[in-house]
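Numbering (the working numbering), first residue to last: 1295 to 2024.
Where is the CB? At the ideal position from N, CA and C, for every residue including glycine.
This one's a predicted model, so the numbers in the text were calculated from it and none came from an experiment.
The next block holds one structure in the form of C-alpha cells; read it before the comments.
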C-alpha cells in the first residue's frame, strides 16, 4: 500500500465515522428512539434529555461527556465502569506523554537518515514514504539508534509511573465503595464449598450450622445449603415462558376488540413443537392451563429439591460484615480440600451449578481447559494465517476471477486493498468470545464476573499469540519453526525482524477499529433496527418491549481484550514507527468520549465487583510492555547496534515492578480489608431480606407470605433457622 492509498483509507474511515455520528445526532433526538439511546436513564427513572443541550449540534454529546465526573459514572453504572475509564485515561496518558517526546524527536531523526534497506521496511510491498518516518530508515550500526534506544526507556518509565498512580486511585475507589453506609447483601455472606460428608445421622443443614456456630457463636445468622436446581430451573423457565405467552395472547385479544367487533377474536395456538404443529386450541385457555399445571409441578419439585438434592456447598450469613470479611479470607480446616470459604459474589451473578464442584474436580478441569485453550490458540493460528494470506487483493482476484472487473474500479480497489484483510480478521475473531466464556465457566468458577475476567484473559492471550504475533510473523513463523525449537532465544530476534513489515497493516487496523467500531457503537444502528423490527412485529406487552430494548452491560469480556490488543500494537510500534502513536491517542481518546456517553445513557451493569477487574488489566498492560521491550531488544539486534544490551534490564525491571505492585495492592482486590468492613452502616441490615436475596429464582414461592413461611418450615433440611444469638452489629 502506498502513502496515497493509506491516506485515502484513513479519509474513508473518517467519513464513515462522521456519517454515523450525524445519524446518531438525528436519531437520538426522535422520542420513539429514547429507549435505544437513553435506556440507562430511563431505567433510573430520569428524564432522558435532562441536562442535555437543546442544540442539534453533532458535537453536543461531546460537551456532555467532557462535563461528566467520575462520581456521575459511578452513580449511573457503578464502580466497575469508573475503573474501566481509569484504564482508558491511563493508557491515553501513556500515549500522549510518549508522543510528545517521541514524535518531535524520532521522526526528524528517521526522516533525515540515509538508509535504504528494504529488509526492515514497514510495508510488505515496498520501501515507501511511511518507511522514511520509521526506524526502518536508519542504517545499520548508526549512532542515530541512540535516540530510539532512549525512547524505549522513556515509554517504559512513563507506563510504570502512570500505572502506579492508577493502581493507587482504583484502590481508593474500591475502598470508598466498600465503606459505603448502604447495606450490600453480599457483604454479609460467604460461600463455603467442599463440605465433607457427614459420618453421623445429622442432616447437611445441621452439619453446616453446628460447624459455623462453633466458630462464630455470636455472629452466625443462618445457612442456605446449595441444591441441584437443574430440574426446578427447567420447570421455572418453562413456566415463565408460558406466562409471557399468556400476556402476549391477552394483548393480542385486547387489540382485536373493536367498535365493530366488541367480542374480539381469541388467538389460537398449536400444542406441538414451538406452537407450529399439533392440535389447534384456544391460546388463552391453553396457556392458563399450562401455567396451573407447571405451578403445581414446580412446587412439588421445589420441595423435592430442597429435601433430596442437597450438595456439598452452602451460603453462610452473618449479622456482622466484619465477620463475613474475616471468614472469607481465613483457613477453616487443616486440609485444603475441606470447608473452602470465599467471599460471596452478588446473588444475581452466582453460577449455582458450579458451587458443588469439589476441589479436585476444579483442579483437573482448570488444567484440562488450559490445555484446550492452548490447542485453540495454536490451531486458530492456522486459519488466521490463511486469512492473512488469502484476503489480499491479488489472491482475491486469483481465487475469485469474476470480481476482476469490479476490482479494476480505482475507488473500490483502494478500499478493498486497505480494509479487506482487517475486516476478515475482525469478523473471524467475533466467533471466539462465547466459546472462551463457556470454557471459563466449565472450570468451576463461582460468579459471572469471575468467568468474564477469566474469558477476557484467555481472549487477550489469544489476541497476542494469533492476531499480533500470527499476523506479524506470518509465513516467517512456519519457515523458522525448526529454528525456534532448536533455539527459543531466537524468538525476540525473529519478532524484531518481522514486526516492522506489518506496520502499515496495523496502522489501518487501528484506524478501522476507532473510526468504524466507535461510529457503530455511538450510532447503535444495529440495536435500533432490531428494536423497531421486534416492536412492530413481535412485541405486544410492555414486558416484551422492555426486553426488546434492554441494552445489556459494557461487555468487559470482549471489550477489554480488544483494547489490550490495540495497547500492544501501539506499544510495539511506538518506537519502530512512531506515527502509530497518534492513532493510539485517537483510539483511546475517542473511545473515552463515546463510551462515556454510552455508560451514562445506555449500558446497564449486570453485576458490580467494585473494581475486581483492575489487577487483571494491570497485569496485561504490563505484559504488553514486556513484549514491547523484548521486541525492541530483538529489533535492535537486527540493526547490529553494539549497545543493544543496555535494553536487557528493562524487561527484568518491569517484571519486578509488576510483582511489587501485585504484592502491595492485589490482596485488597481479592478480599475486603477489615478496616473497610468495620465502617458504620446508616441502619441495621434487614437480615431476612439479605437471606432471601440469595434464594435462586426457581426456588422462590409465589404463594402468600404466610403460606411461604409455612413451606419454609417444611424445607428446614436446606434452609436453617435464624440464629437466636446476638443482635445485629456492623
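Going by beta carbon distance, what residues of the same chain come within less than 6 Å of residue 1909, once the five residues before and after it are set aside? 1960 and 1963
Quick check: what's the CA-CA separation for residue 1749 versus residue 1854? 11 Å
Going by CA-CA distance only, name the one from 1495, 1511 and 1386 that's closest to residue 1456. 1386
Quick check on DSSP: helix, strand or coil for residue 1869? coil
What are the boundary residues of the beta strand (DSSP E) that includes residue 1636? 1634-1637
Taking the DSSP output, what are the residues bridged to residue 1576? 1562
Inter-residue spacing [alpha-carbon to alpha-carbon] between residue 1411 and residue 1430: Note on residue 1411: pLDDT 45, under 50, position unreliable in the model; the coordinate value appears next. Using only the alpha carbons, I get a separation of about 7 Å.
Tell me the DSSP secondary structure of residue 1519 in three-state form. Here residue 1519 sits in strand by DSSP.
Integer Cβ distance of residue 1334 from residue 1894, believed to fall under 8 Å: So it is a contact: roughly 7 Å between Cβ atoms.
Tell me the DSSP bridge mates of residue 1741? 1644
Anyone know if the C-beta pair for residue 1639 and residue 1461 falls short of 9 Å? no
Selected residue, minimal CA-CA separation from residue 1862, among 1481, 1366, 1357 and 1389: 1389
Work out the CA separation of residue 1904 and residue 1986 for me, nearest whole Å. 23 Å
If I measure Cβ to Cβ from residue 1402 and keep anything under 8 Å in the same chain, skipping five residues before and after, which residues do I get? none
Backbone CA spacing between residue 1943 and residue 1924 [nearest angstrom]: C-alpha separation (whole angstroms): 11 Å.
Among 1357, 1445 and 1617, which residue has its Cα nearest to the Cα of residue 1973? 1617
Any beta carbon from chain B within less than 9 Å of residue 1896's own beta carbon? Looking for chain B here will not work: only one protein chain is present.
Give the straight-line distance between the Cα atoms of residue 1937 and residue 1799, rounded to the nearest whole angstrom. 30 Å
Which residue wins for smallest C-alpha separation from residue 1398, given the options 1876, 1958, 1967 and 1948? 1876
Do residue 1376 and residue 1364 come within 9 Å of each other at the CB atom, strictly closer than that value? yes
Per the DSSP calculation, residue 1610 is bridged to which residue(s)? 1484 and 1517
Can you give the beta carbon distance from residue 1533 to residue 1589, rounded, assuming they're within the 8 Å contact cut? 7 Å
Starting from the Cα of residue 1498, find the closest Cα among 1519, 1666, 1476 and 1484 and give me that residue. 1519
Boundaries of the alpha helix (DSSP H) in which residue 1434 is found, first to last residue: Careful: residue 1434 lies outside any alpha helix (DSSP H) and carries neither H nor E.
Which residue's Cα is closest to the Cα of residue 1860: 1843, 1880, 1846 and 1329? 1880
Would you report the Cα separation of residue 1650 and residue 1487, rounded to the nearest angstrom? 7 Å
Cβ of residue 1309 within 8 Å of any heavy atom in the ligand GDP? The ligand GDP is not part of the structure shown, which contains no ligands of any sort.
Any chance you could list the alpha helix (DSSP H) runs of at least 4 consecutive residues sitting entirely within the segment 1908-1952, in chain order? 1908-1932
By the 10 Å Cβ neighbour count, where 16 or more other Cβ atoms means buried, how is residue 1612 classified, buried or exposed? buried
Taking C-alpha atoms, which residue in 1500, 1930 and 1840 lies nearest to residue 1443? 1930
On a Cα-Cα basis, can you pick out the residue from 1842, 1836 and 1737 that is closest to residue 1541? 1836
If we count the other Cβ atoms within 10 Å of its Cβ and call it buried at 16 or more, is residue 1757 buried or exposed? By the neighbour-count criterion, in which 16 or more other beta carbons inside 10 Å mark a residue as buried, residue 1757 falls on the buried side.
Going by DSSP, name the residue or residues bridged to residue 1604. For residue 1604, which the question treats as bridged, DSSP gives the partners 1521.
Beta-carbon proximity of residue 1633 to residue 1489, cut-off 9 Å: yes
According to the Cβ coordinates, are residue 1391 and residue 1441 closer than 9 Å? no
Selection from 1515, 1745, 1551 and 1322 that minimises the alpha carbon distance to residue 1731: 1745
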